[in-house]
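Undergrad:
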Amino acid sequence: MKRIGFIGLGTMGKPMAANLLKKGHSVTVYNRTAGKADELVALGAESARTPALAARGADVVFTMLSNDAALLEVFHGENGIMAGLAPGQTVIDCSTVSPATSRRLYEELAGHYVDFLDAPVTGSKPAAEAATLVFMVGGNEDVFGDLFSLFMELGSKALYMGPSGSGSYTKLAHNAMVGINALALMEGLALATKAGLNPERFLEIVKAGSAYSRQVELKGPKILERDFSNQFSLKLMLKDLLLASDLTSQFQLPAPMLHGAATVFQMGLAKGYGEDDLSAVVHCYEEWIGRAIEKFTVSSSSPEPIPSGRDRRRAQRVHLDIQLLLSVYQWEQEGAFTGQNIEGTLRDLSENGLQIASKFPLAQDMFVVIHFPKEADLPPITGRIIRVETHPNEFRYGCLLSGLSPYVRVKLEQYIQSKI
Ligand code: NAP
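Everything in the sequence shown is counted per UniProt numbering, starting at 1 for the first residue and increasing by one.
(1) Cβ-heavy atom distance between D240 and ligand 1 below 8 Å?
(2) State the CB to CB distance for the pair M136 and M64, rounded to an integer number of angstroms; the pair is presumed to be in contact (CB under 8 Å).
(3) Excluding the 5 residues preceding and the 5 following D246 in the sequence, name in chain order all residues of the same chain whose CB lies nearer than 8 Å to its CB.
(4) Using the Cα positions of S213 and I7, report the straight-line distance between them to the nearest angstrom.
(5) On the three-state DSSP scale, how would you describe K23?
(6) Going by the DSSP bridge assignment, what does R384 pair with across the sheet?
(7) Starting from E217, trace the alpha helix (DSSP H) both ways and give me its first and last residue.
(8) If you pair each beta-carbon of the stretch 250–258 with each one of the stretch 226–237, do three or more pairs fall below 8 Å?
(9) Report yes or no: do the stretch 70–87 and the stretch 103–121 share at least 3 C-beta pairs separated by less than 8 Å?
(10) Under 8 Å by Cβ, that's how I've got Q215 and V178 pegged, so tell me the actual separation to the nearest angstrom.
(11) Confirm the yes/no value for this check: CB of F265, any heavy atom of ligand 1, distance under 8 Å.
(12) Based on Cα-Cα distance, which residue from L354, A54, N341 and A86 lies nearest to Y329?
(13) Tell me the rounded alpha-carbon separation between V318 and I385.
(14) Mapping the DSSP letters down to three states, classify F148 as helix, strand or coil.
(15) From what residue to what residue does the beta strand (DSSP E) around G138 run?
(16) Quick check: the Cα distance between N235 and Y273, rounded to an integer number of angstroms?
(17) Compute the distance between the beta-carbons of S358 and Y415, then report whether it is under 9 Å.
(18) Between the Cα of T90 and those of E73, A17 and R56, spot the shortest distance and give me the residue it belongs to.
(19) With DSSP as the reference, label G260 as helix, strand or coil.
(20) State the start and end residues of the unbroken beta strand (DSSP E) segment that holds V97.
(21) Under 7 Å Cβ to Cβ from A18, same chain only, skipping five residues before and after it: list those, please.
(22) Could you compute how far the alpha carbon of G10 sits from the alpha carbon of W288?
(23) Just tell me which of A100, E46, A255 and L189 has its CA closest to the CA of A292.
(24) With 9 Å as the threshold, decide whether the Cβ of I81 is near any Cβ in chain D.
(25) Check for me: the alpha helix (DSSP H) holding L40 runs from which residue to which?
(26) For K271, which three-state DSSP category applies?
(27) Under 7 Å Cβ to Cβ from L278, same chain only, skipping five residues before and after it: list those, please.
(28) Which stretch, first to last residue, makes up the alpha helix (DSSP H) that contains T193?
(29) Measuring alpha carbon to alpha carbon, tell me which of L20, A37 and Y285 ends up nearest V60.
(30) Look at the Cβ atom of Q364, then the Cβ atom of T345, and state whether they are nearer than 9 Å.
(31) From the DSSP output, in three-state form, read off S47 for me.
(32) Going by C-alpha to C-alpha distance, which of C94, E73, L191 and E108 sits closest to P87?
(33) Check the DSSP bridge columns for R56 and list the partner residues they point to.
(34) Measure the beta-carbon distance from G5 to A70 and round it to whole angstroms, keeping in mind my assumption that it falls under 8 Å.
(35) Tell me, please, which residues DSSP counts as bridged to I322.
(36) I believe L172 touches L243 by the beta-carbon criterion, under 8 Å. Please report the beta-carbon distance rounded to the nearest angstrom.
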């Protein structure tokens, strides 16, 4: 068992320190806001008043802090880690920071015969709690090998990535993808919601389809549940995207997706969602589409859907009984038609046609000119018989209407509505 100093008890640090305690290590913790150590003290941790005291006498010192500035302050500030270190110790920094900061600390600590590994993690709060984090590690490979089992007490995977800074490079490239993937999910959801689709079903398709990602799994349900409680804060996501952007500038590497993603998270921060989970950036999209992206409820569903032809037929079939005069034309021989007038009844209006009943037998593909009652104020309308049904006392004909102008269609529908 090791003597461990653990500094930074935020969303990630606290469950990591708790897991080390559960594994039987002797853990001394420090957090700037002292109250956050209480739960760990109850689990058996010692609480130190300064970073130097947390580091003093430890075999390994973990740091899990917000950003470069916090990390450097904890090392170099008054009663910082530097004041508590002694040769032979190892510091493992799990924060996401710039590779330059990782290398700076590696070199500085090497001067004091102290080893330093940059070992950022992937996996949010649930993975920290379940000890299934994935570590990407830079620094001395032998030091990593010696501490491999310690990493595996906190995570499910730990990979050596190369010399000092390599863990941080890996993490920033990885998190550039996280930010882009998260926004890909938001944009898909925004599009689906705007189109009036059920977003839960849309997510089901995405989970089964090639747009699937871990962000879909982690953030999709959170968004639809309106649960923006913090697992990985929006402001930290933005911090990582900006650090990754700095790297692309150093490398003169075009990265349009990364820069676009950073801009959207910047908007989320400007709107005041920095302390919320990164999924809160969906509020930007909600503003752009003018509605919430949430589980389907009656109020969030799309406005009255346009009834289909089938719905209309079902809804109206029983109601109509409008007397009509029909001029029927039949193809006799090349270039010649014969015609006659018969009586009929309008039964139904569908999306593209009418159903007419008559005692007079007609055949499929015949043309009829329909004359409505005078009160309808409609011009004669031409239809082609496309379906014939035989009933006990009459025939029913499905007529496809052709060349109906939108104006006449609206008038026809209004007339029929007035008769229902
Ligand atoms: P967090 O909840 O915001 O915790 C940040 C920690 O840093 C707190 O203990 C905070 O102390 C401390 N801190 C900040 N500024 C300080 C300063 N100037 N001096 C001393 N202590 C300071 O962050 P987190 O989510 O645990 O993330 C920690 C690191 O892991 C970040 O670099 C993040 O990018 C990375 N990370 C996070 C996740 C995730 O899902 N959350 C996943 C992978 C990697 P106070 O309590 O006093 O504020």
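Even glycine gets a Cβ: it sits at the ideal position worked out from N, Cα and C.
TA: Walking through what the data contain:
(1) Position 240 of the sequence shown, counting from 1, holds the residue named residue 240. Answer for D240: yes, Cβ within range of ligand 1.
(2) Looking up residue 136 in the sequence shown gives position 136. Looking up residue 64 in the sequence shown gives position 64. The pair is not a contact, with the Cβ atoms about 15 Å apart (cut-off 8 Å).
(3) Mapped onto the sequence shown, residue 246 falls at position 246. Within the same chain, D246 has close Cβ partners S98.
(4) Reading the sequence shown from its first residue, position 213 is the one you call residue 213. Reading the sequence shown from its first residue, position 7 is the one you call residue 7. Spanning the two alpha carbons is a distance of roughly 32 Å.
(5) The residue you call residue 23 lines up with position 23 of the sequence shown. Of the three classes helix, strand and coil, the one that applies to K23 here is coil, per DSSP.
(6) Taking the sequence shown and counting its residues from 1, one reaches residue 384 at position 384. Residue pairing by DSSP places R384 opposite F367 and L400 in a beta bridge.
(7) The residue given as residue 217 occupies position 217 in the sequence shown. Per DSSP, E217 belongs to the alpha helix (DSSP H) from R214 to L224.
(8) The stretch 250–258 is not in contact with the stretch 226–237.
(9) Judged by Cβ distances under 8 Å, the stretch 70–87 makes contact with the stretch 103–121, as three or more pairs qualify.
(10) One-based indexing of the sequence shown puts residue 215 at position 215. One-based indexing of the sequence shown puts residue 178 at position 178. 7 Å between Cβ atoms; contact.
(11) Within the sequence shown, numbered from 1, the residue matching residue 265 stands at position 265. Checking every heavy atom of ligand 1 against the Cβ of F265, none is found closer than 8 Å.
(12) Within the sequence shown, numbered from 1, the residue matching residue 329 stands at position 329. The shortest Cα separation from Y329 among L354, A54, N341 and A86 belongs to N341.
(13) Sequence index remark: in the sequence shown, residue 318 carries index 318 (1-based). Sequence index remark: in the sequence shown, residue 385 carries index 385 (1-based). Low local confidence applies: a pLDDT of 45 at V318 is under 50, so the model's placement there is unreliable, and no value is given.
(14) Position 148 of the sequence shown, counted from the first residue, corresponds to residue 148. F148 falls in the helix class under three-state DSSP.
(15) On the sequence shown, position 138 is the one that residue 138 refers to. Counting along the chain, the beta strand (DSSP E) containing G138 begins and ends at L133 to G138.
(16) Along the sequence shown, one-based indexing puts residue 235 at 235. Along the sequence shown, one-based indexing puts residue 273 at 273. The sequence as given places Lys at residue 235; Asn does not occur at that position. Between K235 and Y273, the C-alpha separation is close to 8 Å.
(17) Mapped onto the sequence shown, residue 358 falls at position 358. Mapped onto the sequence shown, residue 415 falls at position 415. No, they are not a contact pair.
(18) Here residue 90 is taken as the residue at index 90 of the sequence shown, counted from 1. Comparing Cα-Cα distances from T90 to each of E73, A17 and R56, the minimum goes to R56.
(19) Locating residue 260 in the sequence shown gives position 260, counting from the first residue. G260 falls in the helix class under three-state DSSP.
(20) If you number the sequence shown from 1, residue 97 lands on position 97. Looking at the DSSP string, V97 is not in any beta strand (DSSP E), and its letter there is neither H nor E.
(21) Start at 1 with the first residue of the sequence shown, and residue 18 comes out as number 18. The answer, listed in chain order, is L40 and L43.
(22) Within the sequence shown, the letter at position 10 stands for residue 10. Within the sequence shown, the letter at position 288 stands for residue 288. In this model, G10 and W288 are separated by some 33 Å (Cα to Cα).
(23) Looking up residue 292 in the sequence shown gives position 292. It is L189 whose Cα lies nearest to the Cα of A292.
(24) Among the protein chains of the structure shown there is no chain D, as only one such chain exists.
(25) Start at 1 with the first residue of the sequence shown, and residue 40 comes out as number 40. L40 -> alpha helix (DSSP H) spans D38 to A42.
(26) Indexing the sequence shown from 1 puts residue 271 at position 271. If DSSP states are grouped into helix, strand and coil, K271 belongs with coil.
(27) Locating residue 278 in the sequence shown gives position 278, where the first residue counts as 1. Spatial neighbours of L278 in its own chain (CB-CB distance under 7 Å, excluding positions within 5 residues in sequence) are listed in chain order as A182, F232, S233, L234 and M237.
(28) One-based indexing of the sequence shown puts residue 193 at position 193. Residues S166 to K194.
(29) The residue labelled residue 60 in the question sits at position 60 within the sequence shown. Measuring from the Cα of V60, the nearest candidate turns out to be L20.
(30) Residue mapping note: residue 364 aligns to position 364 of the sequence shown, counting from 1. Residue mapping note: residue 345 aligns to position 345 of the sequence shown, counting from 1. No, they are not a contact pair.
(31) As a first step, residue 47 is located in the sequence shown; it is residue number 47 there, counting from the start. Collapsing the DSSP output to three states places S47 in a strand.
(32) Within the sequence shown, numbered from 1, the residue matching residue 87 stands at position 87. For the residues C94, E73, L191 and E108, the minimum Cα distance to P87 belongs to E108.
(33) Along the sequence shown, read from residue 1 onward, the residue named residue 56 stands at position 56. Per DSSP, none; premise fails for R56.
(34) Taking the sequence shown and counting its residues from 1, one reaches residue 5 at position 5. Taking the sequence shown and counting its residues from 1, one reaches residue 70 at position 70. The distance from the Cβ of G5 to that of A70 is about 16 Å, inconsistent with a contact at the 8 Å cut-off.
(35) Residue 322 sits at position 322 when you count from the first residue of the sequence shown. In the DSSP assignment, I322 forms a beta bridge with L346.
(36) Here residue 172 corresponds to residue number 172 of the sequence shown, with the count starting at 1. Here residue 243 corresponds to residue number 243 of the sequence shown, with the count starting at 1. Confirmed, about 5 Å.
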